[in-house]
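Residue numbers (the numbering used here): 938 to 1289.
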(Lines of atoms letter the chains of each structure in order from A and count residues from 1; the text may use other names and numbers.)
(Lines give C-alpha, C1' and ligand atoms only; values in the text may rest on other atoms or scores of the structure.)
Protein backbone atom coordinates (compact mmCIF):
# COMPACT_ATOMS: atom_id res chain seq x y z
CA UNK A 1 0.00 0.00 0.00
CA UNK A 2 2.79 2.42 0.92
CA UNK A 3 4.65 1.58 -2.29
CA UNK A 4 1.51 2.25 -4.37
CA UNK A 5 1.01 5.62 -2.66
CA UNK A 6 4.65 6.51 -3.33
CA UNK A 7 4.27 5.59 -7.03
CA UNK A 8 1.14 7.74 -7.29
CA UNK A 9 2.99 10.69 -5.72
CA UNK A 10 5.92 10.26 -8.10
CA UNK A 11 3.59 10.28 -11.13
CA UNK A 12 1.75 13.31 -9.71
CA UNK A 13 5.09 15.10 -9.32
CA UNK A 14 6.02 14.32 -12.92
CA UNK A 15 2.72 15.72 -14.20
CA UNK A 16 3.10 18.81 -12.02
CA UNK A 17 6.68 19.37 -13.22
CA UNK A 18 5.44 19.08 -16.82
CA UNK A 19 2.70 21.66 -16.19
CA UNK A 20 5.24 24.10 -14.74
CA UNK A 21 7.96 23.46 -17.31
CA UNK A 22 5.56 24.21 -20.19
CA UNK A 23 3.81 27.08 -18.37
CA UNK A 24 0.39 25.52 -18.89
CA UNK A 25 -2.06 28.36 -18.25
CA UNK A 26 -4.91 28.07 -15.70
CA UNK A 27 -8.11 26.97 -17.40
CA UNK A 28 -6.28 24.84 -19.97
CA UNK A 29 -7.93 21.51 -20.68
CA UNK A 30 -5.60 18.54 -20.26
CA UNK A 31 -5.40 15.49 -22.48
CA UNK A 32 -7.44 12.36 -21.75
CA UNK A 33 -6.29 9.91 -19.08
CA UNK A 34 -5.35 7.35 -21.73
CA UNK A 35 -3.27 9.89 -23.67
CA UNK A 36 -1.55 11.07 -20.47
CA UNK A 37 -0.76 7.45 -19.61
CA UNK A 38 0.92 7.01 -23.01
CA UNK A 39 2.82 10.31 -22.68
CA UNK A 40 4.17 9.42 -19.24
CA UNK A 41 4.65 5.69 -19.97
CA UNK A 42 2.53 4.54 -17.02
CA UNK A 43 -0.81 2.79 -16.58
CA UNK A 44 -4.15 4.60 -16.74
CA UNK A 45 -4.68 3.66 -13.08
CA UNK A 46 -1.41 5.38 -12.14
CA UNK A 47 -2.58 8.54 -13.96
CA UNK A 48 -5.99 8.37 -12.28
CA UNK A 49 -4.41 8.06 -8.82
CA UNK A 50 -1.97 10.89 -9.58
CA UNK A 51 -4.81 13.16 -10.74
CA UNK A 52 -6.65 12.40 -7.49
CA UNK A 53 -3.62 13.74 -5.60
CA UNK A 54 -3.33 16.84 -7.79
CA UNK A 55 -7.04 17.56 -7.47
CA UNK A 56 -6.92 17.22 -3.68
CA UNK A 57 -4.15 19.84 -3.68
CA UNK A 58 -6.11 22.15 -6.01
CA UNK A 59 -3.72 21.92 -8.95
CA UNK A 60 -6.43 20.65 -11.29
CA UNK A 61 -10.20 20.28 -11.33
CA UNK A 62 -12.41 17.72 -13.02
CA UNK A 63 -15.59 18.89 -14.72
CA UNK A 64 -18.25 16.36 -15.63
CA UNK A 65 -18.51 15.84 -19.39
CA UNK A 66 -15.95 18.59 -19.96
CA UNK A 67 -12.64 17.06 -18.92
CA UNK A 68 -9.69 17.87 -16.68
CA UNK A 69 -8.58 21.48 -16.33
CA UNK A 70 -5.62 23.29 -14.80
CA UNK A 71 -6.85 25.22 -11.79
CA UNK A 72 -6.49 28.99 -11.46
CA UNK A 73 -4.33 29.66 -8.36
CA UNK A 74 -6.09 32.87 -7.36
CA UNK A 75 -6.03 34.43 -3.89
CA UNK A 76 -2.58 33.13 -3.01
CA UNK A 77 -1.66 32.87 0.68
CA UNK A 78 1.20 34.99 2.02
CA UNK A 79 3.72 32.75 3.77
CA UNK A 80 6.73 33.93 5.79
CA UNK A 81 9.89 31.85 5.72
CA UNK A 82 12.59 32.39 8.37
CA UNK A 83 16.00 30.87 7.72
CA UNK A 84 19.09 31.13 9.88
CA UNK A 85 21.36 31.82 6.91
CA UNK A 86 24.87 31.77 8.28
CA UNK A 87 27.99 32.55 6.27
CA UNK A 88 28.14 28.91 5.20
CA UNK A 89 24.61 27.46 5.48
CA UNK A 90 24.45 23.72 5.98
CA UNK A 91 23.03 21.27 3.46
CA UNK A 92 19.60 21.17 5.12
CA UNK A 93 19.25 24.96 4.98
CA UNK A 94 20.25 24.99 1.32
CA UNK A 95 17.70 22.29 0.53
CA UNK A 96 14.93 24.24 2.26
CA UNK A 97 15.48 27.10 -0.18
CA UNK A 98 14.29 24.78 -2.94
CA UNK A 99 10.78 25.14 -1.52
CA UNK A 100 10.77 28.61 -3.11
CA UNK A 101 11.48 27.35 -6.64
CA UNK A 102 9.85 25.05 -9.23
CA UNK A 103 9.00 22.24 -9.18
CA UNK A 104 8.48 22.31 -5.40
CA UNK A 105 6.90 25.74 -5.08
CA UNK A 106 3.12 25.81 -4.71
CA UNK A 107 1.72 28.65 -6.90
CA UNK A 108 -0.96 29.33 -4.28
CA UNK A 109 1.72 30.46 -1.80
CA UNK A 110 3.62 33.73 -2.02
CA UNK A 111 6.77 33.27 0.07
CA UNK A 112 8.61 36.12 1.77
CA UNK A 113 12.08 35.01 2.85
CA UNK A 114 13.63 36.55 5.96
CA UNK A 115 17.24 35.85 6.85
CA UNK A 116 17.81 36.35 10.55
CA UNK A 117 19.95 34.40 12.96
CA UNK A 118 17.68 33.47 15.84
CA UNK A 119 20.85 32.87 17.80
CA UNK A 120 22.15 36.39 17.14
CA UNK A 121 23.25 37.89 20.46
CA UNK A 122 21.74 41.25 19.47
CA UNK A 123 18.27 39.80 19.83
CA UNK A 124 16.97 39.31 23.31
CA UNK A 125 13.58 37.72 23.83
CA UNK A 126 11.56 40.94 23.56
CA UNK A 127 13.44 42.28 20.53
CA UNK A 128 13.04 38.98 18.70
CA UNK A 129 9.30 38.87 19.40
CA UNK A 130 8.87 42.46 18.18
CA UNK A 131 10.88 41.78 15.03
CA UNK A 132 8.75 38.74 14.20
CA UNK A 133 5.48 40.58 14.81
CA UNK A 134 6.57 43.48 12.58
CA UNK A 135 7.53 41.00 9.86
CA UNK A 136 4.08 39.39 10.07
CA UNK A 137 2.24 42.71 10.03
CA UNK A 138 4.20 44.26 7.16
CA UNK A 139 3.71 41.25 4.88
CA UNK A 140 0.12 40.32 5.89
CA UNK A 141 1.20 36.75 6.54
CA UNK A 142 -1.17 33.79 6.93
CA UNK A 143 1.51 31.38 8.19
CA UNK A 144 5.23 31.39 8.98
CA UNK A 145 7.88 28.67 8.55
CA UNK A 146 10.99 28.15 10.68
CA UNK A 147 13.98 25.87 10.20
CA UNK A 148 13.90 23.72 13.35
CA UNK A 149 17.55 22.59 13.74
CA UNK A 150 19.47 24.43 16.46
CA UNK A 151 16.42 26.34 17.75
CA UNK A 152 16.33 26.61 21.53
CA UNK A 153 13.36 26.09 23.82
CA UNK A 154 13.11 29.86 24.39
CA UNK A 155 13.04 30.56 20.64
CA UNK A 156 10.39 27.91 20.08
CA UNK A 157 8.24 29.41 22.86
CA UNK A 158 8.50 32.88 21.27
CA UNK A 159 7.43 31.46 17.90
CA UNK A 160 4.43 29.73 19.45
CA UNK A 161 3.24 33.05 20.92
CA UNK A 162 2.89 34.60 17.45
CA UNK A 163 -0.65 35.48 16.26
CA UNK A 164 -0.49 33.23 13.16
CA UNK A 165 0.17 29.49 12.63
CA UNK A 166 3.82 28.41 12.85
CA UNK A 167 5.38 25.38 11.14
CA UNK A 168 8.80 23.94 12.04
CA UNK A 169 10.74 22.23 9.24
CA UNK A 170 13.12 19.42 10.19
CA UNK A 171 14.14 17.92 13.51
CA UNK A 172 14.99 19.84 16.65
CA UNK A 173 18.65 18.91 17.00
CA UNK A 174 18.90 20.49 20.44
CA UNK A 175 15.98 18.61 22.02
CA UNK A 176 16.62 19.44 25.66
CA UNK A 177 13.34 20.68 27.19
CA UNK A 178 11.67 21.00 23.76
CA UNK A 179 8.51 18.99 24.24
CA UNK A 180 4.97 19.46 23.03
CA UNK A 181 2.73 19.07 20.02
CA UNK A 182 3.92 21.25 17.14
CA UNK A 183 3.10 21.79 13.49
CA UNK A 184 6.20 20.11 12.14
CA UNK A 185 7.50 18.23 9.09
CA UNK A 186 10.32 15.87 10.06
CA UNK A 187 12.40 13.07 8.61
CA UNK A 188 12.36 9.58 10.10
CA UNK A 189 16.08 9.35 10.79
CA UNK A 190 15.82 5.88 12.34
CA UNK A 191 14.19 4.38 9.24
CA UNK A 192 16.59 6.11 6.84
CA UNK A 193 19.60 4.65 8.67
CA UNK A 194 18.04 1.20 8.95
CA UNK A 195 17.26 1.10 5.21
CA UNK A 196 20.66 2.52 4.26
CA UNK A 197 22.64 -0.04 6.22
CA UNK A 198 20.38 -2.87 5.14
CA UNK A 199 21.31 -1.93 1.56
CA UNK A 200 25.01 -1.74 2.40
CA UNK A 201 25.20 -5.08 4.17
CA UNK A 202 23.20 -6.76 1.40
CA UNK A 203 25.30 -5.28 -1.41
CA UNK A 204 28.74 -5.81 0.12
CA UNK A 205 28.31 -8.84 2.40
CA UNK A 206 30.70 -7.12 4.85
CA UNK A 207 30.57 -7.94 8.56
CA UNK A 208 32.45 -4.92 9.94
CA UNK A 209 31.50 -1.25 9.57
CA UNK A 210 32.55 2.12 10.96
CA UNK A 211 29.92 4.87 10.93
CA UNK A 212 30.94 8.53 11.25
CA UNK A 213 28.32 10.74 12.87
CA UNK A 214 28.10 14.26 14.24
CA UNK A 215 27.37 15.38 17.79
CA UNK A 216 26.43 12.51 20.11
CA UNK A 217 23.90 14.76 21.91
CA UNK A 218 22.00 15.46 18.70
CA UNK A 219 18.58 13.78 18.40
CA UNK A 220 19.12 13.38 14.65
CA UNK A 221 22.36 11.44 15.06
CA UNK A 222 21.19 9.39 18.03
CA UNK A 223 18.15 8.17 16.06
CA UNK A 224 20.34 7.50 13.02
CA UNK A 225 22.73 5.46 15.17
CA UNK A 226 19.86 3.32 16.50
CA UNK A 227 18.63 2.55 12.98
CA UNK A 228 22.10 1.63 11.74
CA UNK A 229 22.72 -0.58 14.78
CA UNK A 230 19.40 -2.35 14.20
CA UNK A 231 20.40 -3.19 10.61
CA UNK A 232 23.83 -4.41 11.72
CA UNK A 233 22.27 -6.78 14.25
CA UNK A 234 19.81 -8.03 11.63
CA UNK A 235 22.65 -8.91 9.24
CA UNK A 236 25.01 -10.25 11.90
CA UNK A 237 27.51 -7.42 11.44
CA UNK A 238 29.54 -5.41 13.95
CA UNK A 239 29.00 -1.64 13.75
CA UNK A 240 31.42 0.84 15.35
CA UNK A 241 29.99 4.36 15.75
CA UNK A 242 32.42 7.31 15.77
CA UNK A 243 31.17 10.78 16.76
CA UNK A 244 33.50 13.33 15.16
CA UNK A 245 31.85 16.60 16.23
CA UNK A 246 32.05 18.94 18.10
CA UNK A 247 35.55 17.88 19.20
CA UNK A 248 37.00 17.40 15.72
CA UNK A 249 40.13 19.63 15.35
CA UNK A 250 39.89 22.90 13.42
CA UNK A 251 43.31 22.61 11.80
CA UNK A 252 43.19 20.77 8.46
CA UNK A 253 46.42 18.88 9.15
CA UNK A 254 45.20 17.86 12.61
CA UNK A 255 41.88 16.80 11.08
CA UNK A 256 43.69 14.55 8.62
CA UNK A 257 45.61 12.86 11.43
CA UNK A 258 42.51 12.58 13.61
CA UNK A 259 40.45 11.24 10.73
CA UNK A 260 42.92 8.49 9.93
CA UNK A 261 43.24 7.61 13.61
CA UNK A 262 39.48 7.37 14.09
CA UNK A 263 38.94 5.56 10.80
CA UNK A 264 41.44 2.84 11.67
CA UNK A 265 41.05 2.65 15.44
CA UNK A 266 38.27 0.07 15.44
CA UNK A 267 39.43 -2.25 12.66
CA UNK A 268 42.72 -4.20 12.84
CA UNK A 269 44.89 -3.47 9.79
CA UNK A 270 44.74 -7.07 8.56
CA UNK A 271 40.91 -6.87 8.50
CA UNK A 272 40.58 -3.57 6.63
CA UNK A 273 39.53 -5.34 3.44
CA UNK A 274 36.48 -6.71 5.27
CA UNK A 275 35.28 -3.34 6.58
CA UNK A 276 32.91 -0.61 5.44
CA UNK A 277 33.38 3.06 6.27
CA UNK A 278 30.13 5.04 6.22
CA UNK A 279 28.93 8.56 6.84
CA UNK A 280 25.75 10.56 7.38
CA UNK A 281 27.38 13.94 8.02
CA UNK A 282 27.23 15.15 4.42
CA UNK A 283 28.99 14.79 1.11
CA UNK A 284 31.41 17.61 1.99
CA UNK A 285 32.89 15.38 4.71
CA UNK A 286 34.00 12.96 2.01
CA UNK A 287 35.41 15.75 -0.12
CA UNK A 288 37.69 16.41 2.84
CA UNK A 289 38.35 12.69 3.29
CA UNK A 290 39.52 12.42 -0.31
CA UNK A 291 42.56 14.50 0.63
CA UNK A 292 43.56 11.94 3.26
CA UNK A 293 45.89 9.11 2.26
CA UNK A 294 43.79 6.43 3.90
CA UNK A 295 43.88 2.77 2.76
CA UNK A 296 40.15 2.33 3.40
CA UNK A 297 39.04 5.25 1.21
CA UNK A 298 37.77 3.07 -1.62
CA UNK A 299 35.19 1.62 0.76
CA UNK A 300 33.54 4.86 1.85
CA UNK A 301 29.79 5.09 1.44
CA UNK A 302 27.17 7.73 2.02
CA UNK A 303 23.38 7.90 1.75
CA UNK A 304 22.02 10.35 -0.79
CA UNK A 305 18.31 11.16 -0.83
CA UNK A 306 16.73 10.85 -4.25
CA UNK A 307 14.70 13.61 -5.97
CA UNK A 308 11.60 11.76 -4.79
CA UNK A 309 12.78 12.35 -1.23
CA UNK A 310 12.65 16.13 -1.54
CA UNK A 311 9.38 15.86 -3.42
CA UNK A 312 7.74 13.99 -0.55
CA UNK A 313 9.15 16.38 2.05
CA UNK A 314 7.95 19.51 0.25
CA UNK A 315 4.61 17.98 -0.69
CA UNK A 316 3.96 17.29 2.99
CA UNK A 317 5.13 20.79 3.89
CA UNK A 318 2.63 22.31 1.46
CA UNK A 319 -0.12 20.01 2.76
CA UNK A 320 0.59 21.13 6.31
CA UNK A 321 0.57 24.82 5.30
CA UNK A 322 -2.89 24.36 3.77
CA UNK A 323 -4.14 22.59 6.88
CA UNK A 324 -2.93 25.17 9.40
CA UNK A 325 -4.16 28.11 7.32
CA UNK A 326 -7.61 26.51 7.17
CA UNK A 327 -7.64 25.53 10.85
CA UNK A 328 -5.31 27.40 13.20
CA UNK A 329 -5.87 24.81 15.92
CA UNK A 330 -4.55 22.06 13.66
CA UNK A 331 -1.65 20.18 15.25
CA UNK A 332 0.11 17.35 13.49
CA UNK A 333 3.69 16.22 12.95
CA UNK A 334 4.21 14.77 9.48
CA UNK A 335 7.06 12.26 9.44
CA UNK A 336 8.69 11.44 6.10
CA UNK A 337 10.36 8.06 5.80
CA UNK A 338 12.47 8.04 2.64
CA UNK A 339 14.17 5.43 0.51
CA UNK A 340 17.82 6.57 0.46
CA UNK A 341 20.16 5.82 -2.41
CA UNK A 342 23.52 4.47 -1.28
CA UNK A 343 26.68 5.68 -3.01
CA UNK A 344 30.24 4.48 -2.90
CA UNK A 345 32.33 7.60 -2.62
CA UNK A 346 35.33 7.45 -4.90
CA UNK A 347 36.53 10.33 -7.06
CA UNK A 348 33.36 10.55 -9.14
CA UNK A 349 30.92 9.26 -6.51
CA UNK A 350 29.82 6.18 -8.46
CA UNK A 351 26.47 4.77 -7.43
CA UNK A 352 26.28 1.16 -6.37
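Every residue gets a Cβ at the ideal spot worked out from N, C-alpha and C, and that includes glycine.
CA-CA distance, residue 1165 to residue 1151, rounds to 14 angstroms.
By the Cβ rule, the region 1095-1105 counts as touching the region 1261-1281, because three or more pairs are nearer than 8 angstroms. Pairwise C-beta distances place the region 1031-1039 out of contact with the region 971-986, as fewer than three of them are shorter than 8 angstroms. When the beta-carbon positions are compared, residue 1274 and residue 1125 come within less than 8 angstroms of each other. In the structure shown, the three-state DSSP call for residue 1045 is coil.
Membership of residue 1124 in the beta strand (DSSP E) is indicated by the continuous run 1121-1124. Leaving aside the five residues that flank residue 980 on each side, the residues in its chain whose CB is nearer than 7 angstroms to its CB run, in chain order, 974. If you ignore the 5 residues before and after residue 961, its C-beta comes within less than 6 angstroms of the C-beta of 1007, all in its own chain and listed in chain order. Residue 1063 is positioned such that its CB atom lies no closer than 8 angstroms to that of residue 1099. Between residue 1082 and residue 1134, the C-beta gap is not smaller than 8 angstroms, which leaves the two residues out of contact. In terms of Cβ geometry, residue 1005 and residue 997 form a close pair [threshold 8 angstroms].
Residue environment for residue 1140: exposed (fewer than 16 other C-beta atoms within 10 angstroms of its C-beta). DSSP lists 1149 as the bridge partner or partners of residue 1179.
Ranked by Cα distance from residue 1039, the options 958, 966, 1279 are led by 958. 8 angstroms or more divides the Cβ of residue 1137 from the Cβ of residue 1178. Going by DSSP, residue 1090 is part of the alpha helix (DSSP H) stretching over 1090-1097.
If you draw a 10 Å sphere on the C-beta of residue 1202, you find fewer than 16 other C-beta atoms in it, and that means exposed. Check the Cα spacing between residue 990 and each of 999, 946, 1130: the tightest is with 946. Taking 8 angstroms as the cut-off, the beta carbon of residue 1080 is found closer than this to the beta carbon of residue 1101. Between residue 1144 and residue 1173 the beta-carbon gap is near 7 angstroms, inside 8 angstroms, which marks them as a contact. The beta carbon of residue 965 sits closer than 8 angstroms to the beta carbons of 1006, 1007 from its chain, once the five residues preceding and following it are set aside; these are given in chain order.
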